Structure formats: structure tokens, C-alpha cells
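Heads up, the thing below is written out as C-alpha cells.
Numbering (our numbering), first residue to last: 21 to 569.
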């Protein structure tokens with residue numbers, strides 16, 4: 021085990037600072053208690069100045085109107101700062117330091133007095149005002165969440181896939197054990213001759229790209245005159261427990277490309293991969309390139325990692341022992357030679373990357389106050405988790421996050437051929453989100469140095485995070501994005517940003533202009549979905565996306 025140390029002078033300074041701040045806080049609180057007691061006996065008595073609690077968890081007036089609650093919140097914040105300072109001052113291996121810091125942050129967030137009914141004056145007041153009804157309702161919410169296996173972030177009863185989310189009109193035109201292929205109904209009289217194939221992440225449902233008509237990237241692409249196909253991954257069950265990464269490439273992405281080409285009659289298709297969907301797409305195109313095939317006219321990567329040398333906070337969770345544990349429990353080395361990674365386990369991991377926003381906020385609202393969270397389509401999608409085949413997941417962990425083997429040409433064999441991403445010589449549009457905590461933008465930028473095609477690559481940086489940055493329709497006129505010039509992309513991400521120009525609004529319009537230049541001439545839009553070999557099976561969004569984990 022790596023040894024970490026906290027130097028003695030640092031400990032002494034931390035102790036001195038803590039005692040000074042705690043003493044000042046105690047004296048201030050005594051004055052507030054005395055003034056509070058005096059004002060209770062004599063309403064004309066001077067009222068002590070109320071403390072300032074610069075933390076949104078303690079923003080309600082109840083926290084400062086009662087000196088006991090104010091002291092509890094202030095003392096918690098002092099202890100939290102001290103503990104985080106101690107974690108920051110540790111000396112030793114950087115990865116171990118960051119793990120300690122993450123663990124301390126988790127404990128600090130969980131220990132907030134706002135998370136406990138006995139210490140939360142806002143929840144107590146509501147219980148009194150409702151004569152205990154809020155507590156009763158909170159217990160009912162808790163019981164419901166225990167039964168469903170996760171903390172509710174929205175009122176899930178108000179949403180239904182195909183009714184008020186994932187409503188763009190289309191048909192399922194192909195299906196196998198891994199995915200259904202959706203073809204969307206054209207919204208223009210003519211379409212570009214080269215169709216567009218979306219490869220969404222297999223760790224989530226595809227409809228993040230089709231939440232509502234006004235924020236659907238799928239619908240927006242159809243409106244721009246493209247014939248759009250989308251892969252809807254199957255939610256893995258026990259019948260898929262031995263499926264591998266190779267299976268997702270050969271029977272997944274490559275098969276999707278083949279069917280889209282067959283139905284459209286086009287020699288090439290434009291392609292888009294989102295998050296791990298971009299990693300799958302890039303792997304598939306490299307496999308096809310090794311076979312001497314070039315079926316993609318262009319490739320768009322949204323918040324995608326190809327170079328896993330810097331993966332941000334997720335790197336804290338992954339090491340040899342963790343990956344080996346997975347391989348022997350749900351991977352090919354397990355007694356059953358396979359298994360499933362449950363979707364809720366993955367969803368919980370991502371939620372605890374931002375615990376105050378995605379966990380404790382709802383614990384307080386749902387359970388302590390008895391409130392029903394407001395309807396929010398994005399959070400409904402976030403709760404609609406998917407299972408993954410263990411062997412596929414283990415391959416992904418080891419060969420990307422742990423060993424970064426996609427960056428070593430010929431080091432891996434995928435679908436029987438040596439993998440070399442530099443063989444992908446197709447125009448590429450690479451998008452990253454500046455505040456992305458899952459795919460750091462500078463890590464996504466490194467894809468510009470991995471792919472071939474000098475002068476064929478465009479990098480665009482959007483504002484906000486992993487999801488909100490991507491789902492940013494132009495009509496909302498929100499956020500901004502950064503674009504570079506026509507010069508070659510520099511090696512360093514910061515060098516690119518230093519010369520980039522900030523543009524107001526969504527990156528979608530920039531992408532639409534770029535995509536149109538890759539899509540070929542316009543032809544009459546098809547009158548029906550599919551073809552003789554691949555007739556329509558059922559209406560979109562299909563069965564697979566409705567399967568629950």
C-alpha cells in the first residue's frame with residue numbers, strides 16, 4: 021500500500037487555525053444565543069446580527085433565525101473545511117491522495133446537518149405546519165425508493181417512453197440480439213443522399229438524444245434534411261451475460277452501418293458516436309479500415325474518449341485490483357464465464373460523483389420534507405438505467421481506462437484484426453464540453469491527434485457539462501461554444517483554446533453546416549421506412565428501449 025504522510029508542521033498549523041476559528045465561532049454564537057434569549061423576554065432588545073451561511077444547503081431563513089441551527093451549520097462548515105484541508109495537505113502518491121480526498125468529500129457531504137431531520141430546522145418546521153403529514157409522505161417516498169432501488173430525482177410516474185419522451189416518428193427496421201435500428205420519418209421533401217447513423221452510449225438509453233421535440237438532436241438532424249438511423253441498444257439480460265466487446269463491434273456497430281447502407285442504397289454513411297458510443301464507433305471504423313473498407317463518409321464524436329491517459333475523476337476508481345475483481349466476478353474469468361453489471365450500480369457511481377446535487381438534495385426533499393420532485397425529462401432518462409454484459413464491460417475497463425491500449429497501434433486484436441485508430445482517415449467533427457466531469461474536455465481534444473486525416477478534423481468546445489453541453493438546441497439561445505480557425509489543430513488543448521473564438525448559442529448550427537458538406541447531393545425523401553430486405557417491424561421507439569434494468 022502506498023504510504024501517505026501529513027508533515028508535523030502542517031498538522032500544527034491546521035490545529036492552530038482550527039482552534040482559533042472554533043473559539044471565534046463559539047464566542048460569536050454565545051452572543052447570538054444571549055441576544056436571542058433577550059429578545060424573547062424583551063421585544064425591544066437589540067437583535068444580534070445574523071450569521072451569513074454561504075452554502076445553498078443552509079439558504080433557508082430557518083437556519084439563521086435559530087442560533088442553535090446557525091451554530092450547527094457553521095460548526096459543520098468549519099469541520100468540513102478543516103478535513104478537506106487535511107486531505108489536500110497529504111504528501112505521497114497523487115492517485116492515492118485523490119482517492120483519500122474523494123472519500124473525505126463523500127463523508128463530509130453525507131454528514132451535513134441538513135441531511136438529518138433532528139438537525140434540519142426547515143424540515144422540522146414543515147413537519148409542524150403539516151401536523152406530521154410531511155414525515156408520513158417522506159416515509160412513503162423512502163419505501164417506494166427502496167423498492168425501486170434508487171433515489172427518485174423526478175416524478176417518474178409522469179413519463180413514459182414513446183408517449184412523452186422519445187416521440188420522434190419512425191420505425192424499427194432491423195433488430196438482432198444486441199440492438200434495434202430505428203429509421204426516422206423525413207420532415208423535408210428532399211434528403212441528403214448519405215444517411216446519418218447515430219451510435220448512442222450502450223450504458224444509457226438512446227433517447228437522451230430525443231427527449232422532447234424542442235430539444236431532440238435526432239429531430240433537429242432530420243429537420244436539416246438528413247435520413248437518420250439510430251441504434252437502440254438492448255438492455256442486457258442473462259442471455260447476454262457472455263457478450264464481449266468484439267460482439268458489440270461486429271454484431272452491433274458494423275451491422276448497423278451495413279443495414280443503414282443497404283436500406284439507403286448509399287455507398288457511405290455519416291456517423292455519430294456519443295460518449296462510449298464514440299469509442300465503439302471508432303473501434304468499428306478502425307476494424308473496417310484494417311479490412312480495407314471505408315463505409316463512413318464522416319465521423320462525429322460527442323464527449324468521447326479515445327486516449328484514456330487522463331480520465332478525470334473516474335480514474336480514481338480503476339486500478340488492477342478493481343478490474344481483476346470484476347473479471348473474476350462477471351467477466352470471462354468468472355466461474356460462469358460471464359455475468360451482468362447491473363445498471364443501478366453504474367448509475368449510483370455517477371450520482372455520487374456529484375452527491376450534493378444528485379443524492380442528498382433528493383434525500384432532503386423527498387424524505388425529510390415529504391416533497392415530490394418536479395418533473396424533469398433529463399432526470400427521468402438518468403434514472404432509466406441499463407445493464408451491461410460483464411465480459412464486454414471488463415474488456416472496456418482493462419483495455420481503455422487501465423491500460424490505454426487503444427493508443428498503441430496493433431497492440432490489440434478486435435474482431436480478428438490488429439487495431440489501429442490512425443487508420444481512420446475520414447473527416448471528423450469532435451465535440452467536448454468544457455465543464456464535463458466524466459470526459460474532461462482536454463482528454464476529448466486528444467482525439468484530434470489520434471485520428472488521421474490532416475485538415476479533415478474540426479474541434480468544437482461547448483459550455484456546460486457532459487449532458488447539458490450536448491443537449492443545447494439553438495432555439496433556447498443558451499450558453500456558447502468555441503471554434504478554432506482553419507489552421508492545423510495544435511497538439512495541446514490549451515494552445516487550441518488560447519486561439520479559439522467564443523460564439524454565442526448552440527454548437528448544433530456549426531455542426532449542421534459541417535455535416536451538410538459531408539452528406540452529398542439532395543434526393544427525394546423516401547416514402548416509407550426500410551426496404552424489402554429490412555421492412556418496418558414496429559413503430560419507434562421500439563421494444564428494446566422500454567426494457568427496464
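Ideal placement from N, C-alpha and C gives every residue a C-beta, glycine not left out.
Nothing here was measured: the structure is a model prediction, and the numbers come from that model.
Cα-Cα separation between residue i and residue j, rounded to whole angstroms
{"i": "residue 515", "j": "residue 463", "result": "14 Å"}
{"i": "residue 330", "j": "residue 424", "result": "10 Å"}
{"i": "residue 560", "j": "residue 199", "result": "13 Å"}
{"i": "residue 152", "j": "residue 135", "result": "18 Å"}
{"i": "residue 476", "j": "residue 444", "result": "11 Å"}
{"i": "residue 505", "j": "residue 519", "result": "8 Å"}
{"i": "residue 114", "j": "residue 336", "result": "10 Å"}
{"i": "residue 35", "j": "residue 430", "result": "55 Å"}
{"i": "residue 100", "j": "residue 259", "result": "47 Å"}
{"i": "residue 549", "j": "residue 496", "result": "31 Å"}
{"i": "residue 287", "j": "residue 317", "result": "9 Å"}
{"i": "residue 350", "j": "residue 567", "result": "21 Å"}
{"i": "residue 103", "j": "residue 124", "result": "7 Å"}
{"i": "residue 493", "j": "residue 227", "result": "15 Å"}
{"i": "residue 57", "j": "residue 51", "result": "10 Å"}
{"i": "residue 85", "j": "residue 461", "result": "43 Å"}
{"i": "residue 118", "j": "residue 237", "result": "36 Å"}
{"i": "residue 398", "j": "residue 535", "result": "26 Å"}
{"i": "residue 434", "j": "residue 264", "result": "10 Å"}
{"i": "residue 627", "j": "residue 489", "result": "For the chain, the structure presents residues 21 to 569; residue 627 sits outside this window and is missing."}
{"i": "residue 355", "j": "residue 257", "result": "18 Å"}
{"i": "residue 401", "j": "residue 455", "result": "20 Å"}
{"i": "residue 310", "j": "residue 426", "result": "14 Å"}
{"i": "residue 229", "j": "residue 184", "result": "14 Å"}
Simplified DSSP state of residue i, which is helix, strand or coil
{"i": "residue 99", "result": "helix"}
{"i": "residue 249", "result": "strand"}
{"i": "residue 452", "result": "strand"}
{"i": "residue 316", "result": "strand"}
{"i": "residue 111", "result": "strand"}
{"i": "residue 500", "result": "strand"}
{"i": "residue 372", "result": "coil"}
{"i": "residue 122", "result": "helix"}
{"i": "residue 396", "result": "coil"}
{"i": "residue 322", "result": "strand"}
beta-carbon residue i near the ligand GTP non-hydrogen atom, thresh 7 Å
{"i": "residue 361", "result": "This structure simply doesn't include the ligand GTP, nor any ligand for that matter."}
Close-in-space but distant-in-sequence residues of the same chain around residue i (CB under 8 Å, 5 per side omitted)
{"i": "residue 501", "result": "480, 481, 482, 483, 522, 523, 525, 526, 527 and 530"}
{"i": "residue 75", "result": "93 and 97"}
{"i": "residue 64", "result": "Any answer about residue 64 is weak, because its pLDDT of 49 lies below 50 and its placement is not dependable; what the coordinates show is given next. Cβ within range, chain order: n/a, list empty."}
{"i": "residue 386", "result": "158, 161, 162, 165, 171, 172, 392 and 393"}
{"i": "residue 196", "result": "271 and 275"}
{"i": "residue 175", "result": "392, 393, 394 and 395"}
CB contact flag (residue i, residue j, <8 Å)
{"i": "residue 188", "j": "residue 141", "result": "no"}
{"i": "residue 245", "j": "residue 299", "result": "no"}
{"i": "residue 432", "j": "residue 441", "result": "no"}
{"i": "residue 410", "j": "residue 261", "result": "yes"}
{"i": "residue 178", "j": "residue 395", "result": "yes"}
{"i": "residue 323", "j": "residue 451", "result": "yes"}
{"i": "residue 328", "j": "residue 468", "result": "no"}
{"i": "residue 190", "j": "residue 204", "result": "yes"}
{"i": "residue 389", "j": "residue 143", "result": "yes"}
{"i": "residue 218", "j": "residue 279", "result": "no"}
{"i": "residue 252", "j": "residue 301", "result": "no"}
{"i": "residue 268", "j": "residue 106", "result": "no"}
{"i": "residue 564", "j": "residue 513", "result": "no"}
{"i": "residue 370", "j": "residue 126", "result": "no"}
{"i": "residue 211", "j": "residue 326", "result": "no"}
Chain-order list of residues whose beta-carbon lies under 6 Å from that of residue i (same chain, five-residue window excluded)
{"i": "residue 319", "result": "291, 446 and 448"}
{"i": "residue 221", "result": "294, 295, 296 and 297"}
{"i": "residue 66", "result": "In this prediction, residue 66 scores a pLDDT of 49, lower than 50, which makes its location untrustworthy; no coordinate-derived value is stated."}
{"i": "residue 206", "result": "545"}
{"i": "residue 111", "result": "25"}
{"i": "residue 376", "result": "129"}
{"i": "residue 491", "result": "235"}
Same chain only: Cβ atoms within 7 Å of residue i, ignoring 5 sequence neighbours per side
{"i": "residue 553", "result": "282"}
{"i": "residue 569", "result": "255, 362, 363, 364, 405, 406 and 407"}
{"i": "residue 284", "result": "215 and 247"}
{"i": "residue 417", "result": "338, 343 and 346"}
{"i": "residue 223", "result": "296, 366, 406 and 408"}
{"i": "residue 473", "result": "445, 446, 447 and 448"}
{"i": "residue 333", "result": "373 and 457"}
### Query
Which residue spans inside the segment 277-302 form an unbroken alpha helix (DSSP H) run of at least 4?
List check, alpha helix (DSSP H) in window: nothing returned.
### Message
Runs of 3 residues minimum, wholly inside the segment 505-561: which ones carry the beta strand (DSSP E) assignment?
### Response
Secondary structure in the segment 505-561: the beta strand (DSSP E) runs of 3 residues or longer, each lying completely within the stretch, are 521-524 and 542-544 in chain order.
### Query
Which runs of the alpha helix (DSSP H), 4 residues or longer, sit entirely within the segment 27-55?
none
#### Entry: Length-filtered (3 minimum) beta strand (DSSP E) runs lying within the segment 167-208
190-195 and 199-204
### Query
In chain order, which beta strand (DSSP E) runs of at least 3 residues are fully inside the segment 410-491?
448-453 and 477-482
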